[in-house]
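A short worksheet on the structure shown next.
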Amino acid sequence: MYQNILVINLMQIGDLMLTTPVLGVLRKAYPQARLTLLADTRWRELVECNPHLDACLFMDKKGEDKGLVKLWKFIRKVRAENFDLVINLHRNERASAVAAFSGAKRITGYSKPLFSLFFDQTMQNPSVAHHIGWGPGGILPPHRYVPGWEHQVHAHLNVLRQTLGIEPDDGGLEMALSPENQQKADVLWQEHFTAEDKVIALNIGASWETKRWPDSYFAQCADTFIEQGYRLAFFGGPMDLDIVNKCISHMQHKDSEALHIFTGKVSLAVLAGLLRKCSLFLTTDSGPMHIGVAMNLPVITMFGASPVPGFYPYDGRSVLLKSPESCHPCGIHKCPKAGAENLVCMKNIPVAAALYYAEELLEKFQGQPAYKLPFHKGDYQCRVIELSKGEF
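Residue numbers for the sequence shown follow the working numbering, so the first one is 4 and each next one is one higher.
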């Protein structure tokens, strides 16, 4: 029986949120164990209040823990914790090194080659893309992109199943807020909205250009929602301000009192506290999308470059829209096509489709805020709508 367990995930916001079901499974399997999570310090608010954790370790990858010397210093700190089980859920050199040299009695999960020699058991991660070959051809084979074929949550839980013999009881995505952050969200909400307001959240930014639905499309949706009597809340980080401002410039109702801009103004925890009060989330494939799912908020999302099986919103009520392009999913950050074909995977997801499914979900749940909707444990496969040309 393991008494001191470390789980490692040093990836981005969405990847960290997709690790949270593992924590609930481990807590149930080892109720007396001390359970620690190692994550990127930038995302501490996502996990520091998780009820299944006893402690968190945070690595400042881009700051004080950057570089080989600092990495080894950090590894020494991990070794001092005397973990008897380490589960690595982030397959890159840094995470693999921390796990490999952690000094734990047992080390499992994903690993880069060479570091895997120090693991007791390793597995491939079928949720992420595999890049086969390199090139441009000739003697070497051309590069081939093979997208993931299994959801990241399922892949992580399968690590527990195959390496520890645990049959997971999947509790879905989780995020808990401190009383202070929930109060900040409550106060901010009261400053912007009344108790009768039904609010639709929008997140239009994304880390890749190929994950962004056209801002003019978001603008058309926003105008329609305002005309239907809804209030709007734009979210996103400081890097999204230009995109949001450009979107609003396309709107007919850009001066409406129904429009509220939180972009670049709130922390991740306050964002979560606000999302749980919204009725619907129209969003790109992004970290906030997964936070919305954890807050029980129905999502409508548009997927372009992203592989659907690996990263769809983990919620059976939510809707994912995609167009049947031959190049989907490409996994490329910037579309190589020019002219009318540029970002065609996103351009061919019509506004009418997003509005159709938005109206369906708003009617089904009567515009209730997410925190009033019943939890639906086990229902995590979202609806994937592959649109055909001329359908809307």
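Don't be surprised by glycine CBs; every beta carbon is placed ideally from N, CA and C.
Rounded straight-line distance, which links the Cα of Gln127 to that of Leu274: 33 Å
Residues near Lys201 in its chain [Cβ-Cβ closer than 6 Å; skip 5 each side]: Tyr233, Ser282, Gly370
Coarse secondary structure for Thr266, derived from DSSP in three states: coil
Extent of the continuous beta strand (DSSP E) to which Glu389 belongs: 386-389
Exposed unless 16 or more other CB atoms sit within 10 angstroms - verdict on Met14: buried
Contact belief for Asn206 with Ser289 at Cβ below 8 Å, rounded distance in angstroms: 6 Å
Three-state class that DSSP yields for Gln6 in the structure shown: coil
Own chain partners of Gly141 with C-beta closer than 8 Å, once the 5 adjacent residues on each side are dropped: The pLDDT assigned to Gly141 is 42, lower than 50, so where the model puts this residue is not dependable, and the model offers no usable value.
Close-in-space but distant-in-sequence residues of the same chain around Asp18 (CB under 8 Å, 5 per side omitted): Asn12, His93, Gln155
Ala83, enclosing alpha helix (DSSP H) - first and last residue: Neither: Ala83 is in no alpha helix (DSSP H) and is coded neither H nor E.
Cutoff 8 Å; reference Glu67; Cβ partners in own chain excluding five residues on either side: Lys73
Residues that DSSP places opposite Leu324 in a beta bridge: Met305, Ile388
Continuous beta strand (DSSP E) assignments of at least 3 residues falling wholly in the stretch 317-373: 322-325
Whole-number beta carbon distance between His159 and Thr22, since they are thought to touch under 8 Å: 6 Å
The stretch 343-358 touching the stretch 313-328, judged by at least three CB pairs closer than 8 Å: yes
Nearest-angstrom Cβ-Cβ length linking Glu96 and Lys80, presumed shorter than 8 Å: Between Lys80 and Glu96 the Cβ distance is about 18 Å, and since that is not below 8 Å, they are no contact.
Short Cβ contact (8 Å threshold) for Leu180 with Gly276: yes
7 Å Cβ shell around Ala42 - same chain, five flanking residues per side excluded: Asn12, Leu13, Leu19, Val50, Cys59, Phe61
Where the beta strand (DSSP E) through Arg279 begins and ends: Note, Arg279: premise wrong, no beta strand (DSSP E); not H, not E.
Cα-Cα separation, Ala308 to Gln35: 43 Å
CA nearest to the CA of Cys385, picked from Phe122, Gly319, Tyr359: Gly319
Ala272 classed as buried or exposed, judged by whether at least 16 other C-beta atoms fall within 10 angstroms: buried
Three CB pairs or more closer than 8 Å across the stretch 207-214 and the stretch 238-250: yes
Distance between beta carbons of Met292 and Pro310, contact taken as under 8 Å: That belief does not hold up - the Cβ atoms of Pro310 and Met292 are roughly 15 Å apart, past 8 Å.
Contacts around Ala188, its chain only, beta-carbon distance under 7 Å, and the 5 residues preceding and following it disregarded: Val273, Gly276, Leu277
Reduced DSSP secondary structure (H/G/I, E/B, other) of Thr22: coil
Rounded straight-line distance, which links the Cα of Arg147 to that of Gly138: Note on Gly138: pLDDT 47, under 50, position unreliable in the model; no value is reported.
Helix, strand or coil at Cys59 [DSSP, three-state]: strand
Buried/exposed call for Met242, threshold 16 Cβ in 10 Å: exposed
Run of the beta strand (DSSP E) containing Ile203, from where it starts to where it stops: 202-206
Straight-line gap, Glu177 to Met298 (C-alpha atoms, nearest Å): 8 Å
Boundaries (first-last residue) of the alpha helix (DSSP H) holding Thr166: 155-167
Beta-carbon proximity list for Asp226, same chain, < 7 Å, skipping 5 on both sides: Met254, Gln255, His256
Buried or exposed by the 16-neighbour rule on C-beta atoms within 10 Å, applied to Leu143: With a pLDDT of 48 at Leu143, under the threshold of 50, the modelled position of that residue is not reliable, and the figure given next carries that caveat. Leu143 comes out exposed.
Enclosing beta strand (DSSP E) for Tyr220 [first to last residue]: Premise fails: Tyr220 lies in the alpha helix (DSSP H), 218-230, not in any beta strand (DSSP E).
7 Å Cβ shell around Asp382 - same chain, five flanking residues per side excluded: Gly319
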